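Single-structure report; data block below.
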Amino acid sequence: MNPNLKDLENDFLYHLGYSRSDDLVTLFGDVKFVVTGGSGGRMRKVAEALAEEFHLTEEEKKRIDISRTDRFSFYKVGPVLSVSHGMGVPSISILLHEIIKLLKYANTVDPIIIRIGTCGGVGIEPGTVVISNKVYNAYLKSEHVTVILGKSVVRPVELDQGTAKEIFQCGVDSGFKPLLGGTMCTDDFYEGQARMDGCICEFSQQEQMDYIKKLQQMGIVNIEMECTVLASLCQKTGVKGAIICVSLLDRMKGDQVAISTETYKNYQERPRALLIKYLRKKLQEIQHPFGSR
Ligand code: R2B
Ligand code: URA
Numbered sequence: 001m002n003p004n005l006k007d008l009e010n011d012f013l014y015h016l017g018y019s020r021s022d023d024l025v026t027l028f029g030d031v032k033f034v035v036t037g038g039s040g041g042r043m044r045k046v047a048e049a050l051a052e053e054f055h056l057t058e059e060e061k062k063r064i065d066i067s068r069t070d071r072f073s074f075y076k077v078g079p080v081l082s083v084s085h086g087m088g089v090p091s092i093s094i095l096l097h098e099i100i101k102l103l104k105y106a107n108t109v110d111p112i113i114i115r116i117g118t119c120g121g122v123g124i125e126p127g128t129v130v131i132s133n134k135v136y137n138a139y140l141k142s143e144h145v146t147v148i149l150g151k152s153v154v155r156p157v158e159l160d161q162g163t164a165k166e167i168f169q170c171g172v173d174s175g176f177k178p179l180l181g182g183t184m185c186t187d188d189f190y191e192g193q194a195r196m197d198g199c200i201c202e203f204s205q206q207e208q209m210d211y212i213k214k215l216q217q218m219g220i221v222n223i224e225m226e227c228t229v230l231a232s233l234c235q236k237t238g239v240k241g242a243i244i245c246v247s248l249l250d251r252m253k254g255d256q257v258a259i260s261t262e263t264y265k266n267y268q269e270r271p272r273a274l275l276i277k278y279l280r281k282k283l284q285e286i287q288h289p290f291g292s293r
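Quick look at the structure:
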């Protein structure tokens, strides 16, 4: 989409450590899915789970870590990239600019970007897996607002409904009891998500509950920190994007994420497990050798 890129002698994807002068077609031309999530450790687990799922040999397993910088952890398992995005819109925005250019330079065909993560639930059971079908910013508008050249730029944020429904159906078929619903994106975990337990708080509990109830009335079932920019960059560039998050707590009932390490681990596995079921189904559909192994 960006005509300026043609005039660049090279394009250094600084935070990934790859550049256009690498043989990106050979390295990444077969990519069908980019899975992204907050932490490096979680994305390593996704890559390891995929390596098991696809029966990679011990030699192949040693080569899945393709990270070249310590900004983003980066793994490749056959046609799937697993890459960390850090926390919040600024961090994932940098990753997506570079990943989407990489996918283009590598001549990939119809890749899908899927974020798996955690979230706060709004009136839903902790542990519920939510697939976003609509995203909102913290002004409760379904748009992404960013500042460019000193001005607010407002962008549309439509997620691919087909992909969301397919992931949801896959979850239903596999007994996950998932939810399809609206997701709100904020620029902060504490005040930005109407928490009263940050280092400061300047609103009342009544105001907090009024806001959270308003979210619920609008069909927002969860809150996280990356969805609007993912939806807007995907929509602008014509790449399909999807978001699968597990809710850690019900924000109608409290602010603190006070769950045991065991429960946290168990919850975190859920989006990954659903993702793997979905990938297996999709790779079988396109008769990718990994789908049938
Ligand atoms: C969910 O969890 C993180 C904050 O704890 C953030 O990256 C998000 O979207
Ligand atoms: N991630 C968030 O962004 N909010 C929560 O409440 C929990 C996880």
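Under my numbering, the sequence shown has 78 at position 78, and the numbering climbs by one with no breaks. Don't be surprised by glycine CBs; every beta carbon is placed ideally from N, CA and C. Model, not experiment: these values are computed from the prediction.
Q: Return the CA-CA distance between C119 and G37, expressed in angstroms with no decimal places.
A: Locating residue 119 in the sequence shown gives position 119, counting from the first residue. Locating residue 37 in the sequence shown gives position 37, counting from the first residue. Spanning the two alpha carbons is a distance of roughly 12 Å.
Q) What is the residue span of the alpha helix (DSSP H) that M184 lies within? A) In the sequence shown, counting from the first residue as 1, residue 184 sits at position 184. From DSSP, M184 is part of no alpha helix (DSSP H) but of the beta strand (DSSP E) over 179-185.
Q | Candidates Q287, V221, S19, E166, of which the one nearest A242 by Cα | A | What you label residue 242 is simply residue 242 of the sequence shown in a count that begins at 1. The shortest C-alpha separation from A242 is found at E166.
Q: Enumerate in chain order the residues of its own chain whose CB-to-CB distance from M43 is below 7 Å, with the five nearest sequence positions on each side excluded.
A: Within the sequence shown, residue 43 is the residue found at index 43, counting from 1. Result list for M43: G37, S73, Y75, S82, V83, S84, in chain order.
Q) In angstroms, rounded to a whole number, what distance separates the CA positions of V80 and D188? A) For the purposes of this step, residue 80 is taken as residue 80 along the sequence shown, with counting starting at 1. For the purposes of this step, residue 188 is taken as residue 188 along the sequence shown, with counting starting at 1. Each residue's Cα considered, the two are about 30 Å apart.
Q | First and last residue of the uninterrupted alpha helix (DSSP H) at E143 | A | Taking the sequence shown and counting its residues from 1, the one referred to as residue 143 is at position 143. From DSSP, E143 is part of no alpha helix (DSSP H); its letter is neither H nor E.
Q. Hey, would you say L248 sits closer than 9 Å to V239, going by beta carbons?
A. If you number the sequence shown from 1, residue 248 lands on position 248. If you number the sequence shown from 1, residue 239 lands on position 239. The answer is no: Cβ separation not under 9 Å.
Q: Compute the Euclidean distance between the alpha carbons of M218 and I276, then round it to the nearest angstrom.
A: Within the sequence shown, the letter at position 218 stands for residue 218. Within the sequence shown, the letter at position 276 stands for residue 276. Each residue's alpha carbon lies about 31 Å from the other.
Q | Status (buried if at least 16 other CB within 10 Å, exposed otherwise) for S152 | A | Against the sequence shown, residue 152 aligns to sequence position 152. Exposed: under 16 other Cβ atoms inside 10 Å.
**Q.** Neighbourhood of T146 by C-beta, 6 Å cutoff - its chain only, sequence neighbours within 5 removed
**A.** Taking the sequence shown and counting its residues from 1, the one referred to as residue 146 is at position 146. Excluding positions up to five away in sequence, the list reads V153.
Q: Rounded to whole angstroms, what's the CA-CA distance from L180 to A47? Just pull it up for me.
A: Walking along the sequence shown from the start, residue 180 turns up at place 180. Walking along the sequence shown from the start, residue 47 turns up at place 47. Roughly 26 Å between the two C-alpha positions.
(Q) If the criterion is Cβ atoms closer than 9 Å, does the pair G121 and D250 meet it? (A) Your numbering for residue 121 matches position 121 in the sequence shown. Your numbering for residue 250 matches position 250 in the sequence shown. Yes, the pair counts as a contact, with Cβ atoms nearer than the cut-off.
**Q.** Buried/exposed call for A258, threshold 16 Cβ in 10 Å
**A.** Taking the first residue of the sequence shown as position 1, residue 258 is located at position 258. With fewer than 16 Cβ atoms within 10 Å of its Cβ, A258 is classed as exposed.
Q.
If I measure Cβ to Cβ from T186 and keep anything under 7 Å in the same chain, skipping five residues before and after, which residues do I get?
A. By one-based count along the sequence shown, residue 186 stands at place 186. Result list for T186: A138, G192, Q193, I223, M225, in chain order.
Q. Quick one: does the C-beta of T26 sit closer than 8 Å to a heavy atom of the ligand URA?
A. Within the sequence shown, numbered from 1, the residue matching residue 26 stands at position 26. No, the beta carbon of T26 sits no closer than 8 Å to any heavy atom of the ligand URA.
Q: Please report the Cβ distance between K134 and G86, rounded to the nearest whole angstrom; I am assuming they are in contact, meaning their Cβ atoms lie under 8 Å.
A: For the purposes of this step, residue 134 is taken as residue 134 along the sequence shown, with counting starting at 1. For the purposes of this step, residue 86 is taken as residue 86 along the sequence shown, with counting starting at 1. Wrong, their Cβ atoms sit about 24 Å apart, outside the cutoff.
Q: Run the proximity test for T118: is its beta-carbon closer than 8 Å to any non-hydrogen atom belonging to the ligand URA?
A: Here the question's residue 118 lines up with position 118 in the sequence shown. Flag set: Cβ of T118 near the ligand URA.
**Q.** Residues bridged to I294 [DSSP beta-bridge criterion]
**A.** No answer is possible for residue 294: the residues shown for the chain start at 1 and end at 293.
Q: Report the three-state DSSP secondary structure of S260 (helix, strand or coil).
A: Counted from its first residue, the sequence shown places residue 260 at position 260. In the three-state DSSP reduction, S260 falls in the coil class, being neither helix nor strand.
Q.
Across the segment 192-208 and the segment 262-281, are there enough close Cβ pairs to call them in contact, namely three or more that are closer than 8 Å?
A. No, the segment 192-208 is not in contact with the segment 262-281.
Q. For T69, which option in K141, G17, R155 has the closest C-alpha, if you only look at C-alpha atoms?
A. Within the sequence shown, numbered from 1, the residue matching residue 69 stands at position 69. Comparing Cα-Cα distances from T69 to each of K141, G17, R155, the minimum goes to G17.
(Q) Once DSSP output is grouped into helix, strand and coil, what is the label at A194? (A) On the sequence shown, position 194 is the one that residue 194 refers to. Note: A194 maps to coil in three-state DSSP.
Q) Is the beta carbon of I113 sitting closer than 9 Å to the one on I99? A) Here residue 113 is taken as the residue at index 113 of the sequence shown, counted from 1. Here residue 99 is taken as the residue at index 99 of the sequence shown, counted from 1. Yes, these two residues count as a Cβ contact at 9 Å.
Q.
Taking the beta strand (DSSP E) that G37 belongs to, which residues open and close that run?
A. Numbered from 1 along the sequence shown, position 37 holds the residue referred to as residue 37. Run containing G37: 33-37, per the beta strand (DSSP E) assignment.
**Q.** Residues near L50 in its chain [Cβ-Cβ closer than 6 Å; skip 5 each side]
**A.** Mapped onto the sequence shown, residue 50 falls at position 50. Correct list, in chain order: V77, V80.
Q: Please state if the CB of V129 and the CB of C245 are separated by a distance shorter than 9 Å.
A: Within the sequence shown, the letter at position 245 stands for residue 245. Within the sequence shown, the letter at position 129 stands for residue 129. In this structure, C245 sits near V129, with a CB-CB distance shorter than 9 Å.
Q: Hey, could you find the ends of the alpha helix (DSSP H) I100 is sitting in?
A: Walking along the sequence shown from the start, residue 100 turns up at place 100. Per DSSP, I100 belongs to the alpha helix (DSSP H) from 89-105.
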